[in-house]
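Position one of the sequence shown corresponds to residue 271 (this note's numbering), numbered consecutively onward. The C-beta atom is built at its ideal place from N, Cα and C for all residues, glycine as well. A quick write-up on the structure given underneath.
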Amino acid sequence: MRLRSEATGGYDFGWLIVLGLALLASSVAGLVLLAVAGWRHFSGRPSPRLLIGGLVLALPLLAVLLALMG
């Protein structure tokens, strides 16, 4: 059994895939928190902690988008 992928020339990129999926998961959670915070804000029950948490979790997605644009 081979531990490394032949499609990538023998390099093991499993850790990079896991890191990318973790980044995506935290960013999606941040976007969900931002959506919930917006919903609560427009319902008349603002939650600044929820908004700040969503912004902090969505920052990696913003960094990736800025890196791709620049």
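>> Between the alpha carbons of L304 and F283, how many angstroms are there, rounded?
In response: On the sequence shown, residue 304 is found 34 positions in, with the first residue counted as 1. On the sequence shown, residue 283 is found 13 positions in, with the first residue counted as 1. Each residue's alpha carbon lies about 32 Å from the other.
> Just checking, does the stretch 307-315 make contact with the stretch 328-338 on the three C-beta pairs under 8 Å criterion?
Replying inline: no
> In whole angstroms, what is the alpha-carbon distance linking G308 and I322?
Replying inline: For the purposes of this step, residue 308 is identified with residue 38 of the sequence shown, where counting begins at 1. For the purposes of this step, residue 322 is identified with residue 52 of the sequence shown, where counting begins at 1. Each residue's alpha carbon lies about 12 Å from the other.
> Using the rule of at least 16 other Cβ atoms within 10 Å of the residue's Cβ for burial, across every protein chain shown, is L327 buried or exposed?
Replying inline: Here residue 327 refers to the residue found at position 57 of the sequence shown. Buried, by the Cβ-count rule.
>> Here's the rule I'm using: 16 or more other beta-carbon atoms within 10 Å means buried, otherwise exposed. How should P290 be labelled?
In response: Looking up residue 290 in the sequence shown gives position 20. A quick correction: the sequence has Gly, not Pro, at residue 290. It is exposed - the Cβ of G290 has fewer than 16 other Cβ atoms within 10 Å.
> Which residue's Cα is closest to the Cα of V306: A295, L320, S296, L294?
Replying inline: Locating residue 306 in the sequence shown gives position 36, counting from the first residue. For V306, the nearest C-alpha among the options comes from L320.
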